[in-house]
Amino acid sequence: MYEKNEYAPNEVFPGMISKAASIAPNEVTEDDLAQINKYTLEPLAAEDVYTFKAVLCDNEVDRQHERFTPKALGDLQKLFLGKTVIKDHRHVADNQVARIYATELVETGKATKSGEPYMQLVAHCYMVRTASNADLIAEIKGGIKREGSVGFAASSAICSICQTDNVKSYCRHYPGRSYEKAGGKETCTFTLDGCSDAYEFSLVAVPAQKKAGVTKSYTGEVVDEKDFHEEEPETVEAPTDEQTEPTTEQTDNKAASLALRARIAAARARHISTHNN
Ligand SMILES: [Zn+2]
Numbered sequence: 000m001y002e003k004n005e006y007a008p009n010e011v012f013p014g015m016i017s018k019a020a021s022i023a024p025n026e027v028t029e030d031d032l033a034q035i036n037k038y039t040l041e042p043l044a045a046e047d048v049y050t051f052k053a054v055l056c057d058n059e060v061d062r063q064h065e066r067f068t069p070k071a072l073g074d075l076q077k078l079f080l081g082k083t084v085i086k087d088h089r090h091v092a093d094n095q096v097a098r099i100y101a102t103e104l105v106e107t108g109k110a111t112k113s114g115e116p117y118m119q120l121v122a123h124c125y126m127v128r129t130a131s132n133a134d135l136i137a138e139i140k141g142g143i144k145r146e147g148s149v150g151f152a153a154s155s156a157i158c159s160i161c162q163t164d165n166v167k168s169y170c171r172h173y174p175g176r177s178y179e180k181a182g183g184k185e186t187c188t189f190t191l192d193g194c195s196d197a198y199e200f201s202l203v204a205v206p207a208q209k210k211a212g213v214t215k216s217y218t219g220e221v222v223d224e225k226d227f228h229e230e231e232p233e234t235v236e237a238p239t240d241e242q243t244e245p246t247t248e249q250t251d252n253k254a255a256s257l258a259l260r261a262r263i264a265a266a267r268a269r270h271i272s273t274h275n276n
């Protein structure tokens, strides 16, 4: 739960997507120091700083049944550079424990399950060694603190079943759920093909993991799976590539999306009146 002076980041940044990140200690080099000193008022010496690196995300389908494209990773590479690192999602000034001084896309030579070159977005972070963060440094060094959570906004989230960009309009499918398609069942995945904002990189004890296939929030509105359940079609036609003009199906999608928004508004009104009584 979030205490006073803290808040649930998803409430403050509507549509924020959270992902788990992994952290590892890193030796500071002269090169690192030069990059770090771009962010400091006075030049720091190697013994003044502690550095660590973090894999913020990669382009493999993750536990939330979402995957980044290289373009989206490139967006985050730019957006996370210079960002402060916080602890436990607490966005208060005295909780800024580190800063990201360099970001890079690293190819390992491996391939993803879908056969594309596997790549990771790696952030290099520094901390100024002080008495107050000696414990945190010891925890990172000792491998006790090794997980983090990144929060960002997607500018494109494409459904694998119907190709709808859910940042523009929600479709009826949920990542991780299985749907009938021409040619058999298919598990829905969402492709994040661009990012518009980086909200936080937080060191956390246990990274928050949203349960896939229950709710989704790409536009800031959270929609629940049951909102769509009653109009789940028997079969979803496979999309064709030749569509350039709006089709009946797309018009139907728009109508379904509008109907959904109306139902969400009604459900919210019910929720509010229930809580006020
Ligand atoms: Zn869909």
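In this text, residue positions in the sequence shown follow numbering that gives the first Met the number 0: the first is 0, and each later residue adds one. Beta carbons are placed, not taken as given, at the ideal position from N, Cα and C, and that holds for glycine.
Asked, Found
"Apart from the five residues just before and just after A101, which ones in its own chain have a Cβ nearer than 8 Å to its Cβ?", "D31, Q34, L80, A122 and H123"
"I need the residues with a C-beta less than 5 Å from some heavy atom of ligand 1; please give them in chain order.", "C158, I160, C161, T163, C170 and H172"
"For S17, count the other beta carbons within 10 Å of its own beta carbon; 16 or more makes it buried, fewer makes it exposed. Which is it?", "buried"
"With a CB to CB cut of under 6 Å and the five nearest residues on each side skipped, what residues in its chain are close to S177?", "K184 and T186"
"Could you pull out every unbroken beta strand (DSSP E) segment of at least 3 residues lying fully inside the region 68 to 112, listed in chain order?", "83 to 86 and 95 to 110"
"Spatial neighbours of S21 within its chain, please: CB distance less than 7 Å, with the 5 preceding and 5 following residues excluded, ordered by chain position.", "A53, V54, R145 and E146"
"For L202, which beta-bridge partners are listed by DSSP?", "K86 and G147"
"Take S201 as the anchor and find which of R89, C161 and T218 has the nearest alpha-carbon.", "R89"
"Tell me whether the beta-carbon of L43 lies closer than 8 Å to the beta-carbon of V105.", "no"
"Under the three-state reduction of DSSP, which class applies to S216: helix, strand or coil?", "coil"
"What residue from N36, Y38, R62 and V84 has the CA that sits closest to G150's CA?", "V84"
"Inspect the beta-carbon positions of E59 and Y125 and report whether they are closer than 8 Å.", "no"
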